[in-house]
Amino acid sequence: MLNEIILEGIVVREPWKYTDDLLFRLGVYRDSDLPAKPYDQERDAADYINVRVDGGANGLINIRRGMKLRVHGFFQSRDFRESLEEFIEKAKRNSTCELQVEIKDLRPNQVFIERNAVEIVAKRLIVLDNGADKRPKAEPAAA
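The opening residue of the sequence shown carries number 2 in our numbering; numbering runs sequentially from there.
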């Protein structure tokens, strides 16, 4: 079986750390021979994927928003369980509006869901453009 991915895209938000790993969100635009993902009349929308660099949070890599990168790696998925309370806390950190949730007869820390995350694990990164003096448009809010 083959699990190898090569993507080119733009880092759309500041990277974050998880344990010793560095993660960042990559906006990838489709090649012209693939079906378009319409955004508006003049341009197509990007597809977004998280990229994980094992051990990259140890200061060996300086990734920042606006950089254009080529990522060589492999596809990975992981399952996790999350409470509604945890989900709401994450949403509050990533939102500018106030968020309140009410559930009749239950508390948010009593409601759980099994979730799945997909990401690319990078084995090689190539900087195509360091993104100096460029700011990509913000990623659309998740539904």
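All C-beta atoms, glycine included, are put in the ideal place defined by N, C-alpha and C. Since the model is a prediction, treat every value here as computed from it, not as a measurement.
Bridge partner(s) assigned by DSSP for residue i
i, result
"residue 57", "In DSSP, residue 57 forms no bridge with anything."
"residue 18", "23"
"residue 8", "72"
"residue 51", "26 and 120"
"residue 114", "83"
"residue 78", "119"
"residue 45", "39"
"residue 130", "69"
Cβ neighbours of residue i in the same chain (closer than 6 Å, five flanking residues each side left out)
i, result
"residue 56", "21"
"residue 15", "66"
Cut-off 7 Å between Cβ atoms - residues of its own chain near residue i, not counting five sequence neighbours on either side
i, result
"residue 4", "75 and 76"
"residue 46", "38, 39 and 40"
"residue 58", "18, 21, 22 and 23"
"residue 125", "73"
Residue i - DSSP class collapsed to helix/strand/coil
i, result
"residue 125", "strand"
Residue i: first and last residue of the uninterrupted alpha helix (DSSP H) it sits in
i, result
"residue 89", "85-94"
Neighbourhood of residue i by C-beta distance below 8 Å, restricted to the same chain and skipping five residues each side
i, result
"residue 9", "29, 69, 70, 71, 72 and 129"
"residue 110", "84, 85 and 86"
C-beta contact flag for residue i and residue j at 8 Å
i, j, result
"residue 84", "residue 112", "yes"
"residue 123", "residue 52", "yes"
"residue 62", "residue 27", "no"
"residue 88", "residue 64", "no"
"residue 80", "residue 115", "yes"
Within-8 Å CB hit, residue i to chain D
i, result
"residue 123", "Protein chain content of the structure displayed is limited to a single chain, and chain D is not contained in it."
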